[in-house]
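Each residue of the sequence shown is one higher than the last, beginning at -1 in the working numbering.
Idealized CB from N, CA, C, for every residue including glycine.
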Amino acid sequence: MAILRPDQWMPKGVASLEPAALRAISENDHNLCVVASAGAGKTEFLAQKADYLLSTGLCRAPQRILAISFKSDAAKNLKDRVRARCDPALSSRFDSLTFDAFSKGLIDRFGPLVPPPYTPSPNYEIVFPAFRDWDDFLARHGYRHLSGKTLEKAVARCRLPIADLNLKKPEWKDVLERFWREYYRDETATQLTFPMINRLTNYVLSSDPRLIAGLRATYPFVFLDEFQDTTYGQYDLLKQLFLDSEARVTAVGDNKQRIMVWAGAMPDAFTTFASDFHAKQETLLSNWRSHPELVEIQHVIALTLEQSSAKPDAKRIKDVDGDVCAIWDYADRASECEGVAQWIADAVSAGEMAPEDCAILIRFRPDKLETELGPALASVGLRLRNVARMPKGAKIAIQDILTEDLTVCLMAMIRVSAFPKAPDDWHVLVDRISTMWGIDPNDEDEQDALQDDLGAKVAEVRSYLAGNSPSGASCAELTQSILDFIGETELRATVPSYHRDKDYLRARDGFLLLLQESAEDRDDWAEVVNSFDGIDQVPLMSIHKSKGLEFHTVIFFGLDERSWWNFEPDDSEEMRAFFVAFTRAMQRVFFTSCSGRGTKLTYIDDLIGRVGVERIPGPPS
């Protein structure tokens, strides 16, 4: 495969890139801070930069590019885009992970090197303490006067060993020691949170400088997506690994989309990064997602977050008629659900969008709305899909199941078997299995053999689908057959999060339970696949879960003070979450309000009313 000169490289898969993006792609003498507003194509920019570095040989084999994203679905999306733009031999050297997966992978591999008494047990369990768990711990040990929220932050921010810490309040040293001893050093029930794993990673790296040297040699280029949500612990790890090194770090994000302060995100990540890493800044202002009328409203919201926010350049055209944004008023909850359901049904019938292209966003507790809106949608022939729901018996939500590496491999095999023409899934299979089986992408003989093996397996799966109706038993047989072909050992060895039994079983069992649920009352495997993928289903999620996604139409359900009971316009994080959710829409945004549920949220009326958005009677059922 020929290596391109930098001046020969051209963007792939897109018509054009704005000049600032092209400058940032070719800039490799400095670390970069790329500020990109909503819809500016942050993921696409990183995919293009990866292709540039790999295609031009600036990232030389066997060196790799490390991309860190905040969410697993964002990491998968970036990896898929690089695969679509790069030769397989090049894209195989692009590692796209979350911070948590990256840290966990290092601990699973190098945990025995962590100095005692913090050496992790191989059978540790990952836990996600609730707010009350932190307070309960403090109460149990006589520290009722201390805050559980403060303890949570202290565990995330305090480096190991605790004995070396310079704490302002001496009692916190004892608290943290007790916490690590109770949650971590108990050999019979070793429990770790991801912030604790992050701190263990810091500790093992500081204990053996050879590990840092090895990672720097492996990754001369590092991408950081959604950098505005970086926590203190994650930033410490970044500095420990790459500060004052020859690695070139590109941080991409937007302060207006910082919605994870509650989870420990730094309030000034970009400013700190620019100072520490002497980074140059580029700003991307094109909005490729939303049409101009929505971009106008987005800018009004953005100005409440940053008075200096530059107005984006809208690049998308309007492809619908009628109102683009409005607040729909209803007298009661029943008419609200029925009116929204009928409007979606009418828009689908008119060919304006598919059901899965219209997202219902709610402030919190989508499960409660599911019981009300689900029957209303069913009455007009549509299905609601609460992506926060766990399939019965599963320990993982639907939205997370869909992004699991195991799911990607298994569903690619099932799709190419159920649908004769699925070239994208075929390429995913070839790429993923090449990596898992250790097949050199440049070895034509091995690649031909892989293609033959895959073709034979696809033919086998097609025969199975033709001869077996969808059922719980056939889903289980099908899943195990594909896993046997791929190799569970190889899959688990390739995916760091699957090294531990509990993590792997959670993903495997979650996949099977969702597949079995999708097979209920269906006679055709193509219908099973579509149900699994959420085709022809209206997605329901919280506004926070919408981050990183995009939809033709977004409907904010329940814009009133009861549903948004603690929304404070002066709370910048609340406004950022609202801004992020609003920017998910490509063509339309609607809000519903029900006088029977609570008083109007007038602040939003006043805000979006500045650009002519009106409160009108909602569509009838």
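Residue j beta carbon less than 7 Å from that of residue i
| i | j | result |
| --- | --- | --- |
| residue 300 | residue 306 | no |
| residue 48 | residue 280 | no |
| residue 289 | residue 309 | no |
| residue 378 | residue 586 | no |
| residue 195 | residue 105 | yes |
| residue 552 | residue 574 | no |
| residue 492 | residue 434 | yes |
| residue 623 | residue 97 | Given that the chain is displayed from residue -1 to residue 619, the structure contains no residue 623 and the question cannot be resolved. |
| residue 296 | residue 267 | no |
| residue 571 | residue 596 | no |
| residue 594 | residue 330 | yes |
| residue 255 | residue 578 | yes |
| residue 530 | residue 513 | yes |
| residue 619 | residue 336 | yes |
| residue 41 | residue 76 | yes |
| residue 206 | residue 353 | no |
| residue 494 | residue 103 | yes |
| residue 621 | residue 449 | Coverage of the chain is limited to positions -1 through 619, which leaves residue 621 absent and any answer about it impossible. |
| residue 83 | residue 39 | no |
| residue 452 | residue 427 | yes |
| residue 357 | residue 549 | yes |
| residue 208 | residue 429 | no |
Candidates the options: closest to residue i by CA position
| i | options | result |
| --- | --- | --- |
| residue 52 | 201, 176 and 220 | 220 |
| residue 271 | 612, 614, 286 and 251 | 251 |
| residue 557 | 101, 502, 601 and 534 | 601 |
| residue 234 | 208, 217 and 274 | 274 |
| residue 460 | 413, 95 and 14 | 413 |
| residue 400 | 57, 532 and 55 | 532 |
| residue 181 | 64, 122 and 446 | 122 |
| residue 419 | 319, 465, 524 and 373 | 524 |
| residue 5 | 33, 50 and 449 | 50 |
| residue 536 | 355, 423 and 411 | 355 |
| residue 501 | 109, 120 and 72 | 120 |
| residue 464 | 605, 522 and 452 | 522 |
| residue 324 | 608, 11 and 8 | 608 |
| residue 382 | 152, 617 and 374 | 374 |
| residue 192 | 153, 277, 208 and 144 | 153 |
| residue 497 | 8, 78 and 124 | 124 |
| residue 456 | 438, 421, 469 and 334 | 421 |
Pairwise C-alpha distance: residue j and residue i
| i | j | result |
| --- | --- | --- |
| residue 332 | residue 376 | 14 Å |
| residue 45 | residue 23 | 10 Å |
| residue 283 | residue 589 | 27 Å |
| residue 131 | residue 137 | 10 Å |
| residue 246 | residue 229 | 20 Å |
| residue 257 | residue 311 | 24 Å |
| residue 3 | residue 67 | 29 Å |
| residue 168 | residue 101 | 29 Å |
| residue 416 | residue 380 | 24 Å |
| residue 172 | residue 139 | 10 Å |
| residue 36 | residue 286 | 9 Å |
| residue 86 | residue 33 | 30 Å |
| residue 110 | residue 116 | 10 Å |
| residue 485 | residue 128 | 36 Å |
| residue 487 | residue 135 | 38 Å |
| residue 204 | residue 94 | 24 Å |
| residue 441 | residue 176 | 55 Å |
| residue 304 | residue 610 | 21 Å |
The ligand PLP heavy atom lying under 6 Å from the CB of residue i
| i | result |
| --- | --- |
| residue 306 | The model on display carries no ligand, and the ligand PLP is accordingly not part of it. |
Min CB distance residue i to chain B below 7 Å
| i | result |
| --- | --- |
| residue 189 | Given the protein chain composition of this structure (a single chain), no chain B is represented. |
Is it a yes or a no for the region 230 to 248 touching the region 26 to 44, going by three-plus beta-carbon pairs under 8 Å?
yes
Start-end ranges of the beta strand (DSSP E) lying completely within the region 168 to 243, minimum 3 residues:
219 to 222
Would you call the region 196 to 204 in contact with the region 146 to 158, where contact means no fewer than 3 C-beta pairs closer than 8 Å?
yes
With a cut-off of 8 Å, do at least 3 Cβ pairs link the region 361 to 371 to the region 539 to 547?
yes
For the pair the region 512 to 522 and the region 467 to 479, tell me if three or more CB-CB distances fall below 8 Å.
yes
Could you tell me whether the region 388 to 408 touches the region 474 to 491, using the rule of 3 or more Cβ pairs below 8 Å?
yes
Inter-stretch contact (C-beta, 8 Å, three-pair minimum) for the region 75 to 90 and the region 419 to 433:
As far as the Cβ criterion goes, the region 75 to 90 touches the region 419 to 433, which means the pair count is three or higher.
At a cut of 8 Å, does the region 504 to 513 reach the region 394 to 403 through at least three beta carbon pairs?
The region 504 to 513, when compared against the region 394 to 403, does touch it at the 8 Å Cβ threshold.
Those runs of the beta strand (DSSP E) which lie wholly inside the region 367 to 434 and span at least 3 residues
381 to 384
In the region 43 to 127, which residue ranges form an unbroken beta strand (DSSP E) of at least 3 residues, counting only runs that do not cross its ends?
63 to 67 and 92 to 96
Counting only runs of 3+ residues fully inside the region 288 to 356, write out the beta strand (DSSP E) ranges in chain order.
323 to 328
Run through the region 429 to 479 for me and flag every whole alpha helix (DSSP H) of 4 or more residues, listed as ranges in chain order.
442 to 465
Unbroken alpha helix (DSSP H) runs of length 4 or more, entirely within the region 14 to 48: which are they?
17 to 24
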